[in-house]
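Residue numbers (the UniProt record's numbering): 1 to 667.
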Amino acid sequence: TNRQRWFSWKQGLIYYGHPAGPYRASNSQDKLVAWMHPGVDTLDKMFEHAARMFPQRDCLGTREVLSEEDEVQPNGKVFKKVILGNYNWLSYEEAYEAAKCFGSGLAALGQRPQCNIAIFCETRAEWIVASQACFMYNFPLVTLYATLGPLAIAHGLNETEVTHIITSKDLLQNRLKVPALSLRYVIVVDCKSTSWLDMPRGIMVYNMDTVKELGSKADNCEQPQSTDIAVIMYTSGSTGIPKGVMISHGNIIAGITGMAERIPNLKYDTYIGYLPLAHVLELSAELVCISHGCRIGYSSPQTLADQSTKIKKGSKGDTSVLKPTLMAAVPEIMDRIYKNVMTKVDEMSKFQKTLFVLAYNYKMEQISKGYGTPLCDSLVFKRVRGLLGGNTRLLLSGGAPLSAATQRFMNICLCCPVGQGYGLTETCGAGTISEVWDYNTGRVGAPLVCSEIRLKDWEEGGYYSTDKPNPRGEILIGGPNVTMGYYKKKCNNGEDFFVDENGQRWFCTGDIGEFHPDGCLKIIDRKKDLVKLQAGEYVSLGKVEAALKNCPLIDNICAYANSDQSYVISFVVPNHKQLMALAQQLQVRGTWEEICNNSQVEKEVLRIITEAAITAKLERFEIPKKIRLSSEPWTPETGLVTDAFKLKRKELKTHYQEDIERMYGGK
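Written as structure tokens, this is what we have:
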């Protein structure tokens, strides 16, 4: 044939013909991989296979609560503190039987195959048991984030017309006060009581144990097909009302097959689960672990480490007790670890600081050559590594781009590789993952064996597959992991999904990427983040934010620009310690809010940010000309960021509308 073949041995990437692709992993060049075991093409079969292969192995672990008390802080706020015991474990056989009984019990309460059921619950063992029950009995599972907000939760429940919902005592009492027209049954996973005085008439409340008892004599269930919907996952999208992504059993099996192939030696790992299971990254990671017989110990962001907010001083956080070997994290969490450790380094004596910097630079040089540094690891970095239990062999990063500085820090100080991945809810979280031995930063690896990638020219942004030295364009992902579309959103399905001449589904991501000669993909821009300024220059807001986020003064930043204005502005969540030190230098006194609103402080922060922007080689028109310091952090609870800590630009714009008008001279 006259088609050119291009092949990179390093990442195992293949494509034929045009630089636009499609690009594939070399070990799936003939056919994309859709499952790990022959015939195991649905999630119920996958769990049954795991229970049969590893019946007595630990599966799901939960720490016992030994004591709980309120602790009054110096500012008068009351924090709940806990002392936790060891992990109690369900074996694979026990977890499988629990799921079977729970599914049968739901059927006894009127839940029918291919009728939607919702789960609105924290990450915990009961979440996985409930989800596996739904997969067994072919109940499509509607997943909702606790931080979506009441309107979005009501929208999801009413759009999917669920009659049954699985939740927790805390969420039922505090977050589930929304009108859900079709709701008839509430199943509470962690409470014995079924008496709820303020429950609307006509709604019955059961606890999980009672439902399991109802299903103790399990009936034969209607087994799902690989094309049946397993999950309707509501995305905490950065714009607009959340959309429900329809994910089939076959989609998830393909996605986790691709991920598992890129993570070596999974069988005896211990994974710590603390990210929201309603997020595709966490659900996929836990299903990968279950498919290989790993242990999953549950945690939460408030109990993860010894210094976490809910852990009583002197007692152990979850990582110290569990000592996980695998962990998934969003960049926001890793950025916090990086900044906290580097702040402590700055406070060291001159000798200690010099020793740390020498060891850091020496290890950076050694790992770039492929060598280990056991002496440095045991003498200098052991304490930092202990923050996550001391046994971590691989960190999985997803949800947003990870900065080069943070990735390098994790490689060096935590003494383990960071597998940076790229995927979306619409592709089951699967697209690419970097190889564990690849210590290059800023890239997301080669395509997984379940997917292939094309680059589509984007004329407005100036990205073309013919660009030199690397082909660039909008990333399109195709394969059996590409989902079935959005629930009841035909117009969006036509815009974002398409089927090619071979019958394969593709998703248009809206992200801009480039392929490097060694087969790695790098995310360089996003279509929705591009703004054209008054004079015609294009500004990538994501690029500006990524360049400035490593500035020690900045905990978080949102760049903003209007097409009828000539400059960029930004909203900044400052680092508390750094800003207080700066205020002291400037001899500015006051409360935290007063310091953030002080014009002298704001002017100095802008000067420092401008210097950081110049160092990062931003163009003149990309550098923010005005800033607003926010005294309140942006958390999922505020509604200004997603659960993966991605910026919600629409909500941020509404929140800071008066400041936008002021900074652009309107007021």
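Note that beta-carbon positions come from the ideal geometry of N, C-alpha and C, so glycine has one too.
Keep in mind that this is a model prediction, so the values were computed, not measured.
Host beta strand (DSSP E) of residue i (start-end)
i           : result
residue 420 : 418-422
residue 455 : 452-456
residue 574 : 569-574
residue 295 : 295-298
residue 20  : Element bounds for residue 20: n/a, residue is neither H nor E.
residue 303 : No beta strand (DSSP E) contains residue 303, which DSSP labels as neither H nor E.
residue 142 : 141-143
residue 441 : Unbroken run through residue 441: none, as it is neither H nor E.
residue 270 : 270-273
residue 521 : 521-526
Rounded straight-line distance, which links the Cα of residue j to that of residue i
i           : j           : result
residue 345 : residue 399 : 28 angstroms
residue 170 : residue 122 : 9 angstroms
residue 647 : residue 548 : 15 angstroms
residue 153 : residue 130 : 19 angstroms
residue 222 : residue 112 : 10 angstroms
residue 419 : residue 449 : 16 angstroms
residue 186 : residue 241 : 25 angstroms
residue 323 : residue 391 : 6 angstroms
residue 446 : residue 347 : 40 angstroms
residue 632 : residue 210 : 43 angstroms
residue 658 : residue 336 : 30 angstroms
residue 275 : residue 301 : 8 angstroms
residue 649 : residue 319 : 33 angstroms
residue 672 : residue 588 : Since the first residue of the chain shown is 1 and the last is 667, residue 672 is not available in this structure.
residue 331 : residue 110 : 42 angstroms
residue 432 : residue 521 : 8 angstroms
Secondary structure of residue i, DSSP reduced to three states
i           : result
residue 203 : coil
residue 446 : strand
residue 35  : coil
residue 43  : helix
residue 164 : strand
residue 180 : coil
residue 480 : coil
residue 665 : coil
residue 495 : helix
residue 189 : coil
residue 134 : helix
residue 64  : strand
residue 380 : coil
residue 588 : coil
residue 430 : coil
residue 409 : helix
residue 69  : strand
residue 230 : strand
residue 127 : helix
residue 92  : helix
residue 4   : Here the model assigns residue 4 a pLDDT of 35, short of 50, so the residue's position is not dependable, and the following value carries that caveat. In the structure shown, residue 4 sits in coil (DSSP, three-state: anything other than H, G, I, E or B).
residue 393 : coil
residue 30  : coil
residue 101 : helix
residue 531 : strand
residue 158 : helix
Supposed contact pair residue j and residue i - C-beta distance, whole angstroms, cut 8 angstroms
i           : j           : result
residue 555 : residue 573 : 5 angstroms
residue 308 : residue 273 : Rounded, the Cβ-Cβ distance is 15 angstroms, inconsistent with contact.
residue 509 : residue 459 : Rounded, the Cβ-Cβ distance is 17 angstroms, inconsistent with contact.
residue 624 : residue 609 : 6 angstroms
residue 422 : residue 444 : 4 angstroms
residue 470 : residue 515 : 6 angstroms
residue 226 : residue 256 : In fact, because the Cβ distance is near 13 angstroms, the residues do not count as touching under 8 angstroms.
residue 385 : residue 414 : 5 angstroms
residue 83  : residue 104 : Actually they are not in contact, since the Cβ atoms of residue 83 and residue 104 sit about 37 angstroms apart, beyond 8 angstroms.
residue 159 : residue 487 : 7 angstroms
residue 372 : residue 57  : With 8 angstroms as the limit, residue 372 and residue 57 do not qualify as a contact, their Cβ atoms being about 30 angstroms apart.
residue 279 : residue 643 : 6 angstroms
Start-to-end residues for the alpha helix (DSSP H) that takes in residue i
i           : result
residue 340 : 331-346
residue 363 : 350-368
residue 513 : Residue 513 -> not in any alpha helix (DSSP H); beta strand (DSSP E) instead, spanning 505-515.
residue 250 : 249-262
residue 289 : 280-291
residue 542 : 541-548
residue 174 : 169-174
residue 209 : 208-214
Just list the alpha helix (DSSP H) runs in the stretch 593-660, keeping only unbroken ones of 4 residues or longer that don't cross its boundaries, in chain order.
Whole alpha helix (DSSP H) segments, 4+ residues: 599-615 and 649-655.
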